[in-house]
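Chemist: I am attaching a structure below and will ask some questions about it afterwards.
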Amino acid sequence: MRIKIPENQITFEQLKADVENQFPQYAFHVKTKNFLVARKNGSTGANILLRKSKVVINGGFPTMGGTLLFMLCIFLLGFLIPLIVYFIVFHKNQKQLETEIGTFIQQKYGLKI
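Every letter in the sequence shown is one number past the one before it in our numbering, and letter 11, counting from 1, is 9.
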């Protein structure tokens, strides 16, 4: 999910503080200076990336171990079976978290069209 914001409107620290206050039930971890990971549980998370004029939010596995385990399953079992399992088990929850955080950021910072 991409959300357009006025250029340089918010700082990373402000964004981090706002999402932590809005969603205290989730754990937040800073990966790099503009990259934040929201974690709901071991398999449900969202990556939040702040750019100059947009915020990018993508659902995904919150840990590197979860991502590597999924990639290992793709290499061992082929492409189709792990992809079907991913869409049945994980994708719905990850997309829901992405939408929840994205809606908040859109309402708080998004451009009014």
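For every residue, glycine included, the Cβ atom is placed at its ideal position computed from N, Cα and C.
The structure presented is a predicted model; accordingly, all values stated were derived computationally and were not measured.
1) Mind checking which residues open and close the beta strand (DSSP E) that includes Val35?
2) Thinking just about the alpha-carbon of each residue, which of Ser51, Val17 and Lys50 is nearest to the one in Val35?
3) Assign Thr30 to buried or exposed, taking buried as 16 or more other Cβ atoms, counted over all protein chains shown, within 10 Å of its Cβ.
4) Using only alpha-carbon positions, find the residue among Tyr84, Lys90, Gly43 and Glu5 that is nearest to Gln23.
5) Can you look up Leu109 in the DSSP assignment and give me helix, strand or coil?
Modeler: Let me lay it out:
1) That run of the beta strand (DSSP E) goes Phe33 to Arg37.
2) Residue Val17 is the option with its Cα nearest to Val35.
3) Burial call: exposed.
4) With distances taken between Cα atoms, Gln23 lies closest to Gly43.
5) The answer is coil: DSSP assigns Leu109 none of H, G, I, E or B.
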